[in-house]
Each structure stands twice: as structure tokens, then as C-alpha cells.
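Participant: Numbering follows full-length UniProt numbering, in which position 346 of the sequence shown is assigned residue number 346; successive positions increment by one, without gaps.
The beta carbon of each residue, even a glycine, is placed where N, CA and C say it ideally should be.
This structure is a prediction, so every number in the text was calculated from the model and none was measured.
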Amino acid sequence: MADILRPELMWIEGRCYRINDSTAENTLSLQEHEVYEPEMYDIDDAEDGDTGDEDYEIESFGDSRHRTSLHVPQHYMGYLIGKKGATRSRIERDTRTEIKIPRQGQSGDVLIVGSSIGNVKAARRRINMIVMSSRMKQRPTHFLSIPMTSPEIIENYNKFKEDILHELSDRGIEESVFVKPHKLHMTISVMCLMDNEERLQASKLLTEARDTIIIPTLREHKPLKLRLKGVSYMNDDPTSVHVLYGLVQEDNAPAGLLQKLCNDLQNHFYKGGFAEKEKGGDNVKIHVTLMNSRHRGRTDESDNRNLGPRESFDATRILEKYAHYDFGVAEVTDVHLSQMHTSTEQNAYYESTCVVPCFSS
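1) Just the C-alpha distance for VAL243 and ALA323, rounded to the nearest angstrom, thanks.
2) Is the stretch 281-288 touching the stretch 167-176 in the sense that three or more CB pairs, one from each, lie closer than 8 Å?
3) Hey, how far is the Cα of ARG135 from the Cα of HIS166?
4) Please name the residue or residues paired with SER189 in a DSSP beta bridge.
5) Is the stretch 139-149 touching the stretch 108-127, taking contact as three or more C-beta pairs under 8 Å?
6) Mind checking which residues open and close the beta strand (DSSP E) that includes LYS229?
7) Starting from VAL355, trace the beta strand (DSSP E) both ways and give me its first and last residue.
8) Which of helix, strand or coil does DSSP assign to GLU311?
9) Just the C-alpha distance for LEU224 and LYS84, rounded to the nearest angstrom, thanks.
10) Using CA atoms only, rank isn't needed, just tell me which of SER189, SER203, GLN104 is closest to VAL355.
11) Name the two residues that bound the continuous alpha helix (DSSP H) containing SER241.
12) Once you ignore the five residues that flank THR353 on each side, which residues in its own chain have a CB closer than 8 Å to its CB?
13) Which residues in the same chain have their Cβ closer than 7 Å to the Cβ of ILE164, if we skip the five residues on either side of it in sequence?
14) Excluding the five sequence neighbours on either side, which residues of its own chain have a C-beta within less than 8 Å of the C-beta of ILE58, listed in chain order?
15) Any contact between the stretch 211-221 and the stretch 260-278? By contact I mean 3 or more CB pairs, one from each, below 8 Å.
16) Tell me the DSSP secondary structure of GLN266 in three-state form.
17) Would you mind working out which of VAL177, ILE130, GLY82 sits nearest GLY297, comparing C-alpha positions?
18) What is the DSSP secondary structure of ASN128, reduced to helix, strand or coil?
19) Taking the C-alpha atoms as reference points, what is the distance between THR27 and PHE327?
20) Determine, using beta carbons only, whether SER313 and VAL241 come nearer to each other than 7 Å.
21) Suppose you measure from the CA of THR333 to the CA of ASN252; what does that come to, to the nearest Å?
22) Thinking C-alpha only, which one of LYS271, VAL329, ASN235, LEU205 is nearest TYR157?
23) Starting from the Cα of TYR325, find the closest Cα among HIS341, LYS100, LYS229 and give me that residue.
24) Residues in the same chain with beta-carbon distance under 6 Å from HIS295, minus the five sequence neighbours each way, listed in chain order, please.
25) In whole angstroms, give me the CA-to-CA distance for ARG90 and LYS137.
26) Can you tell which of PRO140, LYS321, GLU320, PRO309 has the C-alpha that lies nearest to the C-alpha of THR187?
27) For HIS182, which residues from the same chain have a beta carbon less than 8 Å from its beta carbon, with the 5 sequence-adjacent residues on both sides left out?
28) Could you pull out every unbroken beta strand (DSSP E) segment of at least 3 residues lying fully inside the stretch 151-199, listed in chain order?
29) At the 7 Å Cβ level, is SER360 part of the contact set with chain E, yes or no?
30) Under 6 Å Cβ to Cβ from VAL110, same chain only, skipping five residues before and after it: list those, please.
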């Protein structure tokens, strides 16, 4: 149940909304493409939806008519239309606009036409709300990452892995649960990008973040060095672990700098409409996954076996022996928009949709 004292917030077109959860009275039927539209309250102070933050164009034409267009991935069109067109009709009625949607199999943007700029903006925000609500129910396709694959870290990680397999191979521990050494990374944020247009938009967000967030934050610490040291786990029982991860700390910068960088990047993509708010708090959980039961039985990243219940492993002796194990240092040279389940080559990192350097040339 949602916390009424800390309601969910959603950013749409540069504005922040508070969502009133009425799930007790509404249900979502994905099979029939009906989208539950939660009641939303604008917590900005601007009137008529005009904040000056919108970076899209509204064209005026004819006798006091206005129109704008926006990209909606084909995957979400069914949710926008609704069962027998009910969702689109409701938006048109509530905002006094006309919404034109490409026919099935045709490409093109959604066109909104209305008699006032405010109505056109309101309809656009409603459509974006549907897309964002639907996006949150999809499995992530991409993630923002910082590689932690220096030769020193890879060498020490391989020693860590071999020692466990030969000396500490307790219940549930086998080679497949270990992350491939050349894929060690920090995950900053995950997102679902459904088509090439969304991948281009996310790449643009990361390029913007390079100039507004990454370079200014790291300017005095070139290059930022991160130390991977110590291990921990993500549940309360060390005998039944699903994820074992390494701890990360700044090696040549003040404590908290990395946390600020990750938080600002995650928030940038959240406001851009592609990332969810971090669960359980405002801070991104800084870690490098070393072992994951979800990988059990897989031969490579594209292997989709083990879709049933996950089998945990006993990490008790690992935690005792490697509580303060020093894997080494990696330099942060770039940030990647990485594709999930890619790059099956043994010694390759994830394929990237976009990579930005952390320092200006």
C-alpha cells in the first residue's frame, strides 16, 4: 500500500506531479490495453500548464487552432488507445482536443490538435503519463554504468573467484553465479528504451549530463579513482544469499563525491522520464555485483534459462574471509548507457548505446 505521507511523484514535461493511488477502486488489464490513469495533482505553481520548461513546439494555425506532436513507441500505442478507443476518447473529452494516432503498422508521431495552447499541453501531459506508467511495468533494457574493469581489479577478482570455487564451495555456489570479470560495473540507473527514438533521447540526456553534471562534479579529481574493497549482501540471512556485492569508495576524492554524482545522474534521467525513483530512499545504492543467483546455469548474457524460482547460496564463509578484501582501484574515465544482456564475448564489456567521457579534452 502506498504511503499517503510520502506519495509517489512523477515528472512530466518538466513538471512534478503527486499521484493519488486509487488502486482499490481501479484495476489494470494489460490484455485489453486499458490503462489505469491515477489522479494527479500538479505541485508546481504555474497556471494553465505553462512553466516555460517545455522544450517542444506548439504550432498555431487556422482560426485559433494549435497543434503539437510527440513520439510514442509502438509498444505503448495500445495503452494510449484503450479498449475500443476509450482511453483516447477520455483524454480528448477532458482536454477538449483531438488526438490523431498512426494506424497499426504505420510509423509517425501522435498529433494533438486543440483550440488553446493550455489544452494541447494538458493532453500531451496525459499521454506522457500513460507512457511513463506503462514503461514502469516493462523489464529494463538499458542501464547507466561505470565500468570497474581495471587489470588490477580483474586479476584480484579472478583470484577471489578461484579461491571460493576450490576452497569455499558451499551450498549453491558454482561458477555460473559469478559475474564475468570484464563485465564488473557500478549500476547508476536502469531504464526501458523501447525503440530507436527513445535510445536517441536517452543518449541526448547522457550527453547533456556530461556537461551539466559529470564534468563539473569531477573537475577537481581527474581522473576519479575508485577502490573496490570488501563484500556484503542484500538480505538478512548470510546462509541464503542471492546477490553478493563489492563495496566502492573514493580513493582520491572526498567521501560522498561518488554518491552525489550517481544521485544527480539518476535524478536527471528520472526527470527526463526514463528512470524510476530509487526504491527505499533517495540515494543510489553504490555497489558492484560479484555473484548473482539469477545467473545460475547460464552460459552467457543472452541465455534466458533459470526463469523459475531462484536458488540462493550460502555466503557465510565468503563474508568471513573476504569482509575486507581489496580488489584494487579503477579510474572513472567514462559513463556508459549500456544494453542489458549483450556482448557474449568472454573478454568484452556490455555493448553501449552511448558513451560519454568524464573530462573535457
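Facilitator: In this structure, then:
1) 15 Å
2) Judged by Cβ distances under 8 Å, the stretch 167-176 makes no contact with the stretch 281-288, as fewer than three pairs qualify.
3) 43 Å
4) LEU144
5) no
6) 224-233
7) 352-357
8) coil
9) Each residue's Cα considered, the two are about 55 Å apart.
10) SER203
11) Checking the displayed sequence, the identity of residue 241 turns out to be Val instead of Ser. Careful: VAL241 lies outside any alpha helix (DSSP H) and carries neither H nor E.
12) HIS142, LEU193, ARG199, ALA202, SER203, LEU337, SER338, GLN339
13) ILE173, ILE318
14) Counting only Cβ-Cβ distances below 8 Å, and skipping sequence neighbours, we find HIS66, ARG67, THR68, ILE117, VAL120, LYS121.
15) Contact between the stretch 211-221 and the stretch 260-278 is present: 3 or more CB-CB pairs across the two stretches fall below 8 Å.
16) helix
17) Comparing alpha-carbon positions, the option among VAL177, ILE130, GLY82 lying closest to GLY297 turns out to be VAL177.
18) helix
19) Low confidence applies to THR27: its pLDDT is 31, below 50, so where it sits in the model is not reliable enough to give any reading.
20) Correcting the residue type first, residue 313 is Phe in the shown sequence and not Ser. Their beta carbons are under 7 Å apart, which means PHE313 touches VAL241 by this criterion.
21) 14 Å
22) VAL329
23) LYS229
24) SER176, VAL177
25) 22 Å
26) PRO140
27) THR149, ILE154, GLN346, ASN347, ALA348, TYR349
28) 185-191
29) In the displayed structure, chain E is absent; only one protein chain is listed.
30) LEU70, VAL72, ILE101
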